[in-house]
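Protein chains in written order, with our numbering: chain S, 29 to 190; chain C, 29 to 190; chain Z, 29 to 190; chain V, 29 to 190. Down below is the structure, laid out as structure tokens.
There are 4 protein chains.
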Amino acid sequence: MRKIIVGVMGPGEKATASDLQNAYQLGSLIAQEKWILLTGGRNAGVMDAANKGAKSANGLTLGILPRNEQDSISDEVDIAIFTDMGNARNNINVLSSNVIIACGMGAGTGLEIALAVKANQPVILLNDDAESKAFFKKLSPDNVYLVDSAIDAIATTKAILK
Amino acid sequence: MRKIIVGVMGPGEKATASDLQNAYQLGSLIAQEKWILLTGGRNAGVMDAANKGAKSANGLTLGILPRNEQDSISDEVDIAIFTDMGNARNNINVLSSNVIIACGMGAGTGLEIALAVKANQPVILLNDDAESKAFFKKLSPDNVYLVDSAIDAIATTKAILK
Amino acid sequence: MRKIIVGVMGPGEKATASDLQNAYQLGSLIAQEKWILLTGGRNAGVMDAANKGAKSANGLTLGILPRNEQDSISDEVDIAIFTDMGNARNNINVLSSNVIIACGMGAGTGLEIALAVKANQPVILLNDDAESKAFFKKLSPDNVYLVDSAIDAIATTKAILK
Amino acid sequence: MRKIIVGVMGPGEKATASDLQNAYQLGSLIAQEKWILLTGGRNAGVMDAANKGAKSANGLTLGILPRNEQDSISDEVDIAIFTDMGNARNNINVLSSNVIIACGMGAGTGLEIALAVKANQPVILLNDDAESKAFFKKLSPDNVYLVDSAIDAIATTKAILK
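Have a look at this one:
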């Protein structure tokens with residue numbers, strides 16, 4: 029039976045301490061809801077922290093990898109999907125997630141949000157970057173949600189899934 | 029922790045009765061081994077039969093869909109990945125499976141085998157099509173395996189995974 | 029011998045009159061420089077206008093189409109590349125263009141800019157949308173250029189190519 | 029105005045002397061017909077030889093590259109398209125060519141033919157590999173053509189394009 033997938037996207041090497049904390053909490057809360065966690069799968073930053081959080085709550089984790097790499101995967105990824113498509117793999121992340129949560133900001137995260145907006149997928153922004161919020165909220169008022177905490181992000185996800 | 033993924037590829041609408049029987053048995057045996065079943069995800073032919081077999085044994089099923097379709101997915105797919113890449117999505121199937129089992133023959137199945145051969149992934153041929161066996165075995169003697177039954181396919185998979 | 033390719037990206041059906049005028053002029057100026065014009069290839073909006081401008085100056089036009097469609101291509105596309113990858117095809121546009129000019133704004137244009145920024149490709153913004161300029165310039169100060177006219181966009185392109 | 033594109037696919041480093049001779053002649057004849065030559069774009073084997081042949085007759089050459097590489101492109105490629113999709117880029121080659129000519133045989137060439145067959149695109153086999161001819165001709169009797177020389181391949185291409 030089809031399971032609900034929630035994507036958590038955010039910076040890798042450039043994640044802030046606050047991003048990592050939010051990502052871990054998001055992963056844990058997603059697992060508690062029995063949703064599957066989808067990330068970019070690498071062993072860095074928001075991806076890795078979210079996966080650790082999900083596994084701390086016995087969740088199931090799905091990693092969509094950019095290449096065919098076997099050596100830079102988060103240890104906490106249960107199911108690894110190798111795309112060998114580079115940045116274009118982010119489109120698969122967005123299409124396969126029922127809801128996307130963007131945790132932090134950077135070039136890759138901006139790309140994920142832009143892909144979600146283009147595909148009319150719901151995307152939740154959890155960051156303190158005013159310019160990204162102003163831009164994406166104007167671009168897609170109905171599909172972009174602004175929140176201030178991991179708990180709010182999960183509450184918004186529940187409301188979207190209803 | 030990384031789970032083992034075994035892909036079962038084969039015809040959709042043009043699957044034969046024998047293909048469907050083999051696919052169901054493959055799905056069931058894969059689930060019994062606690063491997064994840066990966067298919068093309070559509071509600072037709074070998075894909076659907078393999079998923080039904082896996083669910084009959086309480087397995088976990090992963091479907092890699094060619095489009096962003098929500099309406100032609102096998103009911104037995106637990107985790108749906110939407111690629112929106114058409115035939116190019118088959119490359120993801122091949123890269124993400126530890127072992128690929130080609131059950132039956134047709135244009136799509138031939139393509140999956142060709143992708144596996146090109147990516148140096150192990151691929152097991154379970155069909156009675158002499159031309160495909162001769163061609164692919166010559167093209168890649170080390171990565172192409174020929175078997176006569178679902179049980180043999182699983183035994184060969186185990187040997188490859190060792 | 030390798031030719032220089034300049035990509036012009038912008039809204040399709042939702043292009044403004046100003047976008048269309050800029051796109052036509054960009055196409056014409058690109059052709060006069062003997063550069064190849066790359067667009068998304070459809071017979072709508074900025075893509076179509078840029079192609080018409082390029083052909084008015086005897087340029088060569090390259091269209092990277094999202095699907096395998098044969099019936100919605102701009103008549104002014106000389107060379108059609110069919111990707112069948114949907115929104116992911118925009119990554120090819122960005123990687124294949126020496127410089128990208130974003131003419132106007134919308135979900136698809138925002139995506140193209142985000143892909144360029146992620147790939148560290150130079151991208152020139154020609155629009156009157158303050159939020160997009162603030163967001164992308166902050167995200168990538170070195171690779172994002174802001175201009176006010178088609179003529180400035182071409183002058184900036186020349187400076188980048190030096 | 030839309031130009032006709034003919035794809036020439038074949039081995040890179042493993043091309044035989046006969047493959048290279050055929051590829052050069054194919055490139056030259058394609059250019060003489062004013063068709064655009066499409067190849068995989070790398071500076072090796074059949075790709076490189078076909079491009080050299082096309083440029084010897086003042087043709088226009090299009091290379092669809094697997095990565096974002098700038099350093100392994102055939103010097104004779106006029107227009108380089110960077111896909112960063114690995115083997116999946118071969119699907120673009122096949123969809124964008126009006127006719128595909130497979131010159132020689134190997135894992136990559138087998139993949140191109142399999143993609144053409146799956147997409148119902150016409151594909152001409154110019155090789156002395158009996159197994160590939162038997163397999164693909166059986167798989168797709170109407171879209172697979174067998175020829176013995178570059179001149180026959182071009183005559184068959186003309187007949188298909190009519």
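Backbone N, C-alpha and C fix where the C-beta goes; we use that ideal spot for every residue, glycine too.
{"query": "So is residue 130 of chain V in contact with chain C if we call contact Cβ pairs under 8 Å?", "result": "no"}
{"query": "Which residues mark the beginning and the end of the beta strand (DSSP E) in which residue 59 of chain Z is found?", "result": "Unbroken run through residue 59 of chain Z is the alpha helix (DSSP H), 45-60; no beta strand (DSSP E)."}
{"query": "Name the residue from Z/85, Z/41 and Z/52 whose alpha carbon lies nearest to the alpha carbon of residue 177 of chain Z.", "result": "Z/52"}
{"query": "Give the straight-line distance between the Cα atoms of residue 7 of chain S and residue 75 of chain S, rounded to the nearest whole angstrom.", "result": "A query on residue 7 of chain S cannot be resolved here, the shown segment of chain S reaching from 29 to 190 and no further."}
{"query": "Whole angstroms is fine: what's the gap from residue 57 of chain V's alpha carbon to residue 100 of chain V's?", "result": "25 Å"}
{"query": "In whole angstroms, what is the alpha-carbon distance linking residue 134 of chain Z and residue 123 of chain S?", "result": "19 Å"}
{"query": "Under 6 Å Cβ to Cβ from residue 35 of chain V, same chain only, skipping five residues before and after it: list those, please.", "result": "66, 121, 125 and 128"}
{"query": "List the residues of chain C whose Cβ lies closer than 9 Å to the Cβ of residue 70 of chain S, in chain order.", "result": "What residue 70 of chain S touches in chain C: nothing, since even the nearest Cβ is about 14 Å away."}
{"query": "Which stretch, first to last residue, makes up the beta strand (DSSP E) that contains residue 72 of chain V?", "result": "Careful: residue 72 of chain V lies outside any beta strand (DSSP E) and carries neither H nor E."}
{"query": "Closer than 7 Å, Cβ to Cβ, to anything on chain Z: give me those residues from the stretch 164-182 of chain V, in chain order.", "result": "none"}
{"query": "Cβ closer than 9 Å: which chain S residues qualify as neighbours of residue 160 of chain Z?", "result": "163, 166 and 167"}
{"query": "Taking C-alpha atoms, which residue in C/138, C/148 and C/61 lies nearest to residue 169 of chain C?", "result": "C/148"}
{"query": "Go ahead and label residue 64 of chain V buried or exposed: buried means 16 or more other beta carbons lie within 10 angstroms of its beta carbon, across all protein chains shown.", "result": "buried"}
{"query": "Taking the Cβ atom as the reference point for each residue, do residue 40 of chain Z and residue 73 of chain Z lie within a distance shorter than 8 Å?", "result": "yes"}
{"query": "Mapping the DSSP letters down to three states, classify residue 88 of chain S as helix, strand or coil.", "result": "coil"}
{"query": "Using a Cβ cut-off of 8 Å (strictly closer), state whether residue 112 of chain V contacts chain S.", "result": "yes"}
{"query": "Please classify residue 156 of chain V: is it buried, with 16 or more other beta-carbons within 10 angstroms of its beta-carbon, or exposed?", "result": "exposed"}
{"query": "Closest by CA to residue 30 of chain C, which one among S/109, S/29, S/59 and S/42?", "result": "S/109"}
{"query": "Less than 8 Å between the CB atoms is what I'm expecting for residue 83 of chain V and residue 104 of chain V, so what's the real figure, rounded?", "result": "5 Å"}
{"query": "Quick check for students: name the residue ranges of the alpha helix (DSSP H) that lie wholly in the stretch 150-189 of chain S, counting only runs of 4 or more.", "result": "158-167 and 178-189"}
{"query": "Use the C-beta contact count for residue 130 of chain V: other C-beta atoms within 10 angstroms, 16 or more gives buried, fewer gives exposed.", "result": "buried"}
{"query": "How about residue 132 of chain S and residue 45 of chain S: are their beta carbons less than 8 Å apart?", "result": "no"}
{"query": "Quick one: Cα of residue 164 of chain Z to Cα of residue 136 of chain Z, how far?", "result": "15 Å"}
{"query": "Thinking just about the alpha-carbon of each residue, which of C/81, C/85, C/86 and C/106 is nearest to the one in residue 92 of chain C?", "result": "C/106"}
{"query": "Could you give the first and the last residue of the continuous alpha helix (DSSP H) run that contains residue 145 of chain Z?", "result": "135-146"}
{"query": "Is the beta carbon of residue 77 of chain V closer than 8 Å to that of residue 48 of chain V?", "result": "yes"}
{"query": "Is the beta carbon of residue 173 of chain Z sitting closer than 8 Å to the one on residue 153 of chain Z?", "result": "yes"}
{"query": "Let me make sure I understand the geometry here. Which of V/38, V/69, V/89 and V/71 has the alpha-carbon closest to that of residue 62 of chain V?", "result": "V/89"}
{"query": "Can a CB atom of chain C be found closer than 8 Å to the CB of residue 42 of chain V?", "result": "no"}
{"query": "In terms of alpha-carbon separation, which member of C/181, C/183 and C/69 lies closest to residue 111 of chain C?", "result": "C/69"}
{"query": "Given this structure, state the Cα-to-Cα distance separating residue 183 of chain Z from residue 166 of chain V, to the nearest angstrom.", "result": "57 Å"}
{"query": "I'd like the span of the beta strand (DSSP E) that includes residue 33 of chain C, first residue to last.", "result": "33-37"}
{"query": "Helix, strand or coil: how does DSSP classify residue 105 of chain C here?", "result": "coil"}
{"query": "If you measure from the beta carbon of residue 96 of chain Z to each beta carbon in chain V, is any gap under 8 Å?", "result": "yes"}
{"query": "Consider the Cβ of residue 116 of chain Z: report whether some Cβ of chain A lies at a distance smaller than 8 Å.", "result": "Here chain A cannot be found, since the structure's protein chains are S, C, Z and V."}
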